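First residue of the sequence shown: 1, per UniProt numbering; consecutive thereafter.
Everything below concerns the one structure shown next.
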Amino acid sequence: MPEMEQQRVWVSDPIDGFVLGQIVDIGLDEVTIKPFDTKKPKVTSSLDRLYTAEEHDNKDVDDNCSLMNLNEATLLNNIRIRYSKDKIYTYVANILIAVNPYYEIKDLYSSKTIKNYQGKSLGVLPPHVFAIADKAFRDMKVLKMSQSIIVSGESGAGKTESTKYLLKYLCDLWGSAAGPIEQKILDANPVLEAFGNAKTTRNNNSSRFGKFMEVHFDSKCSVVGGYISHYLLEKSRICTQSPEERNYHIFYLLCAGAPEAVTTKLSISKPDDFHYLRNGCTQYFTSSRTEKLLNNDHKSKQQRDKGGLKDAMLDDVEDFKNMDQALNRLGLTEAERHEIYSMVAAVLHLGNVVFEENMEGNKGGSKVTTGSEWSLKTAAKLMGVDPEELRQALVSKVMMTNRGGLKGTVIMVPLKVYEANNARDALAKAMYSKLFDYIVFRINKSIPFKASSYYIGVLDIAGFEYFTVNSFEQFCINYCNEKLQQFFNERILKDEQELYSREGLQVKKIEFVDNQDCIDLIEGKQNGIFSLLDEESKLPKHCAAHFTTEVHKNWGNHFRLALPRTSRLKAHREIRDDEGFLVRHFAGAVCYQTSQFIEKNNDALHASLEGLIQESQNPFLQSLFASSNSGSLKGKLTFISVGSKFKSQLSELMEKLKSTGTNFIRCIKPNQKMVDHQFEGGSILSQLQCSGMTSVLELMQQGFPSRAQFTDLYDMYKKFLPPELARLDPRLFCKALFRALGMNENDYRFGVSKVFFRPGKFAEFDAIMRSDPENLANMVAKVKKWLLMSRWKKTQWCALSCIKLTNKIKYRRECHIVIQKNIRMYLAKKRHRPRYKGIGKINSLQSMLVRMESIISQLKKEKESSIKEVKALQNDLHSAVNKIKINPNIKADEVNQMYTQLMNKANSQMGSLQKKLQEQKSADEQERLKKIQIEMENEKKRKEDEERKKKEDADIRKMKIEIEENRKKEEQIRRRQELEDLKAAAALQEQIEMEAQEDSLFREQLEQERRDHELALRLAQETNGQIEDLSPPSRRFSGVQMSHSTSNNKLNRSENVRAQQAQNNSKYDLSKWKYSELRDTINTSCDIELLEACRIEFHRRLKVYHAWKAKNRRRTTMDENERAPRSVMDAAARTPRVAVKAVAQVNTSTQRYFRIPFIRPAALANGHSADQLADANNKRGWWYAHFDGQYVARQMELHPDKAAILLVAGMDDMQMCELSLDETGLTRKRGAEILEHEFNREWEKHGGKPYVRAMDRAK
């Protein structure tokens, strides 16, 4: 297969994402690829996961839309090449992909770089986060609309750093005039990172909360203020962490970097001394310099044994100083900062309070252990409460009965050890959470705020999370990411396509998967998971198992929800059904354990702890809880859950995002080890799929991401133009402008109210418009010239149209005269034809008179009498002719009767004279007769030859007439069958649509299962877990309403179905046969049935291959190697692929031959029609095809200007037409079928070898 050996393709690979290889075989519904990497084995893959490679696969581009073949594989390859060159930024149209380099690239974010990107459109300079910031600013300024930048990605992908650089760019360029505002906005970052970031297994500086940072501008686009909104702080981390993770940075900053006076006053020592820190990683982030500055008493055991953690961006010793200075610049006094540190220390000491079972008395309950008395007193001192009251609030709670007095009797209920631990942790989490709210409040308060016209918001929120143990925090984060993914789909895909439709742009519609069903599962008002969780929290005795059971009961048949045992990860399959559930998110399936859902959903303190806070002597602590204590009624029925609060906050955020212009930055984590220059293709491809980048490729390739209103362009450049051009209509102005600039029409489109640009083309246009005055003058001259040319061409066209119309009228008049003349001639001929024929026949008798006179001249006797008889006969002829001429109404019978009489008379006289002459010359006649006999024999032979030739010609004409009659009969049968099919199709339409929908949903389920498997594989690699393969999904979710992304692989499915039916009806199973085996069998087998089965399967695989190749064809490549004329391929494309009843074949011949005109595709590619080429250059060729049964056995192309192309089945199948005879439609083309000898004559004339039929091989 020489053609396939030259085809370079990308095939899916679990480790590298995609690997480069070549096709070596075509199977039943899959192909075999041999990777170029010799270390990798051959791969068998479906065509869905196979993509055409670029011609130069080692060349990178700034914008992936510039690739010839834009697909998942080339996207990943381009990112890989750029990453290896330290080019971490890449565009997909207006979307920025940022790969975390895990080291500092020189001058990438310097002040000079910031200046370079100021005012530059996307595409002018290499991709950069500064370019997105500048685009947002320019859009805000031009469109008079606030903008948002959504930074998304996994933990460790670099979202927080990208957010820093976005704010740095905005503040450095447009905030310098605002004085302290710029510094205060930038100072917010180190403070928020200290209190809201922590080390995780995937990121050393992971943000454990979401934030939306707004930079506000006035009408002159200068910074006038800022505001920060925060979402969902991970409070569970305050009390527990995994062994490799740390608590929030602030705890370690106090231990490592706080002055000795502060640590002594707050009783802060090493992390090992605190229960909330010792169970996780207790090492500090230090450098070689700051390691020496650490107090040995503050070093943990891990720090002394292993040394400090290393990270270029983190240093606990230096970061405390930076944070303290930032708080100072934000306006917090030393006393206020000390109050904050006191609350942090109080949380640590509170965590050291340990409880044991109280054996005294008969009430049971718990008590504080003797060893933690000091911690209790220290925590009480820092909180400003009495130690005994704190002790009492931790080991008991106040409850009110329904009876006794006006409001019932207050009783004290002792708490068990685990309940006391929960109360202690709840108080610690509440204190830290309120402290974090206060810090954000103070940051916002410290930023001066003037009248704002617009703002640019940067959203930095945790990306999609999946761990071995996933709890309520991961559930909320992933719910947020579902909403953001839906917003991305609507803004990039749905809204974009609706805009194209409104503006009248002919852009192919792109389908996408809508995750609304997953969002409804989570936030549904009646039975959503959040609603079920709130209902469970309000029960007198809530239970996590009951909540989980209710979730499965309400959503048991939903595709997005499943039992933990269906997870691909072995660790999740051991979870009981009432201990968790599995949600199939857009990025993959995540298994949640619900044991702590109820506790984490309720952040309210019990009455004893609330009373303790209210009685605190610490004003700062009281102010932290002031807002929550101002609520009215307390109780389970009135509490506002964490989930409900987060859902409302998220709803407000989404409304804010929808009201602004949007820019997207997709951050990518290159490897799980967080090291530089290591590229894990499989993991990165999964992140690209999770972020929706792969689904947006097709739209961005065909779309127009940059656009501008006609009026905006008009206003923007009107001041550069002279008055005569400035007076033009905005649309005409833009059209004239683009024409004059000579821009390629493929680079832009005119809509109803906007002009749309291909990726990067708006930057070229803007650069031209803002060039020097001399160039602008030349451009104005071009605009004038184009307008003049346009108007002159319109005038010429109108004049030419009038001339054409005049000529057409004259031509029709002449045609009418010719038609009238011919009709009159026909009528005259019809009327006078019998007379003309009669006179002609009578005049033909004159020749007999001449012969009579000749005979008479030879006679020796009775010569005079014979002359008289001849003259009498001649007079009779003249009288008959005159009679016919005089009488125009004479009938044909009378004319024939007169001719018969004269003929008989002439014959009798001729016979008499001949008899006399015969008798006279009997002797001489014998010799002459001999000569005459020889001549007659020669004449007879000549006539026989003529008759034989006429007979052969008649037979050929008869065969062609039979062929044409058979064609007409077949056409009539086909038309009757089509009518029957239409009637049957109407009845089967509903069933077919249902089957198609079920198949579509099933394919989507398979795609979801693939994503789930990839997600589980990544998690297993990180945790050294195991993956168990499950049975493929069933079609039981056919009723789920889901939008579906079609794969444009209709041919594959229809061909596979027909192939399966053929396998069922055939005694040969060819599904395991290789492509080469099928080809060899066709060339050598004598078994007719096996031969036919192999031919059907062989040509089906060819169709699938060519369909895939056409789908992945380059955008700029023409069909230079067409396997058949376009009329044949178009007829096959129009042939309906519906099952029809078998009909009787009119023509039972298995060998049929056809010939149709064929124009070379290279000529057609220039925009000429076939008729134009044939008439102008007379270079029309011919395409010959010999069908043995339903498939082509021999194929021939004859062109005037090149050598003949002869192709034979079994040798040249890749270049031959793969369609069956019925699919080509040749039998319906009048005059297309020819005779066998006509085909063989041309075949042998051009050196073709004789054809041996399959049935002859057996002989």
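By construction, the Cβ of each residue, glycine as well, lies at the ideal position given by its N, Cα and C atoms.
These numbers come from a predicted model, not from an experiment.
- Indicate the three-state DSSP secondary structure (helix, strand or coil) for LYS941 in the structure shown. Taking the first residue of the sequence shown as position 1, residue 941 is located at position 941. Residue state, collapsed to three classes: helix.
- Helix or strand or just coil, what does DSSP make of GLY1248? Locating residue 1248 in the sequence shown gives position 1248, counting from the first residue. Looking at GLY1248 - three-state DSSP - the assignment turns out to be coil, as it is neither helix nor strand.
- Message: Please classify PHE441 as buried or exposed, where buried requires at least 16 neighbouring CB atoms within 10 angstroms.
- Response: Counted from its first residue, the sequence shown places residue 441 at position 441. It is exposed - the Cβ of PHE441 has fewer than 16 other Cβ atoms within 10 Å.
- Query: So what's HIS1013 in DSSP terms, helix, strand or just coil?
  - Reply: Taking the sequence shown and counting its residues from 1, one reaches residue 1013 at position 1013. Of the three classes helix, strand and coil, the one that applies to HIS1013 here is helix, per DSSP.
- Taking C-beta to C-beta, are SER471 and LYS600 nearer than 8 angstroms? Translated into the one-based positions of the sequence shown, residue 471 becomes position 471. Translated into the one-based positions of the sequence shown, residue 600 becomes position 600. In contact: SER471 and LYS600 (Cβ atoms closer than 8 angstroms).
- Go ahead and pull the three-state DSSP assignment for SER12. Locating residue 12 in the sequence shown gives position 12, counting from the first residue. In the structure shown, SER12 sits in a strand (DSSP, three-state: E or B).
- DSSP-derived helix/strand/coil call for PHE36: On the sequence shown, position 36 is the one that residue 36 refers to. Of the three classes helix, strand and coil, the one that applies to PHE36 here is coil, per DSSP.
- Three-way DSSP call (helix, strand, coil) for CYS1086 in this model: Counting from one through the sequence shown, the residue named residue 1086 turns up at place 1086. The answer is coil: DSSP assigns CYS1086 none of H, G, I, E or B.
- If LEU232 sits next to CYS518, beta carbons under 8 angstroms apart, how far is it from one beta carbon to the other, in whole angstroms? Taking the first residue of the sequence shown as position 1, residue 232 is located at position 232. Taking the first residue of the sequence shown as position 1, residue 518 is located at position 518. The Cβ separation is near 19 angstroms, so there is no contact.
- Item | Uninterrupted beta strand (DSSP E) stretches inside the UniProt region "Actin-binding" (650 to 672) (no shorter than 3 residues) | 661 to 668
- Query: Which residues mark the beginning and the end of the beta strand (DSSP E) in which GLN593 is found?
  - Reply: In the sequence shown, counting from the first residue as 1, residue 593 sits at position 593. Where GLN593 is concerned, the enclosing beta strand (DSSP E) stretches over 588 to 593.
- Query: When you compare only the Cα positions, how much space is there between LYS669 and ARG1018?
  - Reply: Here residue 669 corresponds to residue number 669 of the sequence shown, with the count starting at 1. Here residue 1018 corresponds to residue number 1018 of the sequence shown, with the count starting at 1. Going by the C-alpha atoms only, they are around 13 angstroms apart.
- Query: What's the gap between the Cα of VAL9 and the Cα of ARG1241?
  - Reply: Within the sequence shown, the letter at position 9 stands for residue 9. Within the sequence shown, the letter at position 1241 stands for residue 1241. Answer to the nearest angstrom: the Cα atoms are 42 angstroms apart.
- Message: Output needed for MET852: all residues of its chain with C-beta closer than 7 angstroms, excluding positions within five of it in sequence on either side, in chain order.
- Response: Taking the first residue of the sequence shown as 1, we reach residue 852 at position 852. The answer, listed in chain order, is VAL870, GLN909, MET910, LEU913.
- Provide the residue(s) that pair with PHE1154 in DSSP beta bridges, ordered along the chain. Residue mapping note: residue 1154 aligns to position 1154 of the sequence shown, counting from 1. Per DSSP, ALA1185, GLU1233.
- By how many angstroms is the C-alpha of ASN64 removed from the C-alpha of LEU75? Taking the sequence shown and counting its residues from 1, the one referred to as residue 75 is at position 75. Taking the sequence shown and counting its residues from 1, the one referred to as residue 64 is at position 64. Whole-angstrom Cα-Cα distance: 6 angstroms.
- Message: Rounded to the nearest angstrom, what separates GLY838 and MET898 at their Cα positions?
- Response: Stepping through the sequence shown from its first residue, residue 838 is reached at position 838. Stepping through the sequence shown from its first residue, residue 898 is reached at position 898. Their backbone Cα atoms lie some 9 angstroms apart in a straight line.
- Of the residues LEU314, THR290, LEU1091, THR282, which one's Cα is nearest the Cα of LYS306? Along the sequence shown, one-based indexing puts residue 306 at 306. Answer by Cα proximity: THR282.
- Message: Given a cut-off of 8 angstroms on the beta-carbon distance, is the pair GLU482 and ASN515 in contact?
- Response: Counting from one through the sequence shown, the residue named residue 482 turns up at place 482. Counting from one through the sequence shown, the residue named residue 515 turns up at place 515. Cβ atoms of GLU482 and ASN515: closer than 8 angstroms.
- Quick one: is ASN470 near chain D, going by C-beta distance under 8 angstroms? No chain D is part of this structure, which consists of one protein chain only.
- Query: DSSP on ARG1241, reduced to helix/strand/coil?
  - Reply: Locating residue 1241 in the sequence shown gives position 1241, where the first residue counts as 1. In this structure, ARG1241 counts as helix in the three-state DSSP scheme.
- Task: Could you tell me the distance, in whole angstroms, from the CA atom of GLU977 to the CA atom of GLU1223?
- Result: On the sequence shown, residue 977 is found 977 positions in, with the first residue counted as 1. On the sequence shown, residue 1223 is found 1223 positions in, with the first residue counted as 1. This sequence places Gln at residue 977; Glu is not what is there. Their Cα atoms are separated by approximately 15 angstroms.
- Item | Which residues DSSP lists as bridging SER366, in chain order | Working through the sequence shown from its first residue, we reach residue 366 at position 366. According to DSSP, which records beta bridges pairwise, SER366 is partnered with GLU357.
- Taking MET343 as part of the alpha helix (DSSP H), name the residues at either end of that continuous run. Start at 1 with the first residue of the sequence shown, and residue 343 comes out as number 343. Where MET343 is concerned, the enclosing alpha helix (DSSP H) stretches over 334 to 351.
- Inter-residue Cα distance where the pair is VAL354 and ASN295: To locate residue 354, count along the sequence shown from 1; it is residue 354. To locate residue 295, count along the sequence shown from 1; it is residue 295. Distance between the alpha carbons of VAL354 and ASN295: 28 angstroms.
- Message: Just to check my reading of the structure: residue 1272 and VAL398 have Cβ atoms closer than 8 angstroms, yes? What is that Cβ distance to the nearest angstrom?
- Response: In the structure as shown, the chain begins at 1 and stops at 1259. Residue 1272 is therefore absent and cannot be evaluated.
- Message: Among the candidates LYS494, THR290, SER300, whose CA atom is the shortest distance from the CA of PRO271?
- Response: Locating residue 271 in the sequence shown gives position 271, where the first residue counts as 1. Selected option, being the one with the closest Cα: SER300.
- Residue(s) in a DSSP beta bridge with ASN197: If you number the sequence shown from 1, residue 197 lands on position 197. Partner(s): SER207.
- Message: Does VAL1143 pass the burial test, meaning 16 or more other C-beta atoms within 10 Å, or should it be called exposed?
- Response: Indexing the sequence shown from 1 puts residue 1143 at position 1143. For VAL1143, the predicted model reports a pLDDT of 39, less than 50, meaning its position is unreliable; a value from the coordinates is still stated below. Burial call: exposed.
- Nearest to PHE436 by CA position, among GLY196, LEU96, ALA1020, is which residue? Mapped onto the sequence shown, residue 436 falls at position 436. If we check each option's Cα against that of PHE436, GLY196 comes out closest.
- Message: Using the Cβ count rule (16 or more neighbours within 10 Å means buried), how would you classify TRP797?
- Response: The count along the sequence shown starts at 1 and reaches residue 797 at position 797. Per the 10 Å Cβ criterion, exposed.
- Below 7 angstroms CB to CB, which residues in the same chain sit around GLU971 once its five sequence neighbours on both sides are set aside? Numbered from its first residue, the sequence shown carries residue 971 at position 971. So the qualifying residues of the chain are ARG1228.
- Item | Inter-residue CB distance, ALA256 and ASP297 (contact presumed, cutoff 8 angstroms) | Taking the first residue of the sequence shown as position 1, residue 256 is located at position 256. Taking the first residue of the sequence shown as position 1, residue 297 is located at position 297. That belief does not hold up - the Cβ atoms of ALA256 and ASP297 are roughly 12 angstroms apart, past 8 angstroms.
- Message: I need the DSSP call for MET1196, collapsed to helix, strand or coil.
- Response: Against the sequence shown, residue 1196 aligns to sequence position 1196. Three-state DSSP puts MET1196 in a strand.
- Query: Do the region 521 to 541 and the region 493 to 511 meet, that is, are 3 or more Cβ pairs less than 8 angstroms apart?
  - Reply: no
- What's the C-alpha gap between LEU1221 and PHE1154? Within the sequence shown, residue 1221 is the residue found at index 1221, counting from 1. Within the sequence shown, residue 1154 is the residue found at index 1154, counting from 1. The straight-line gap from Cα to Cα measures roughly 10 angstroms.
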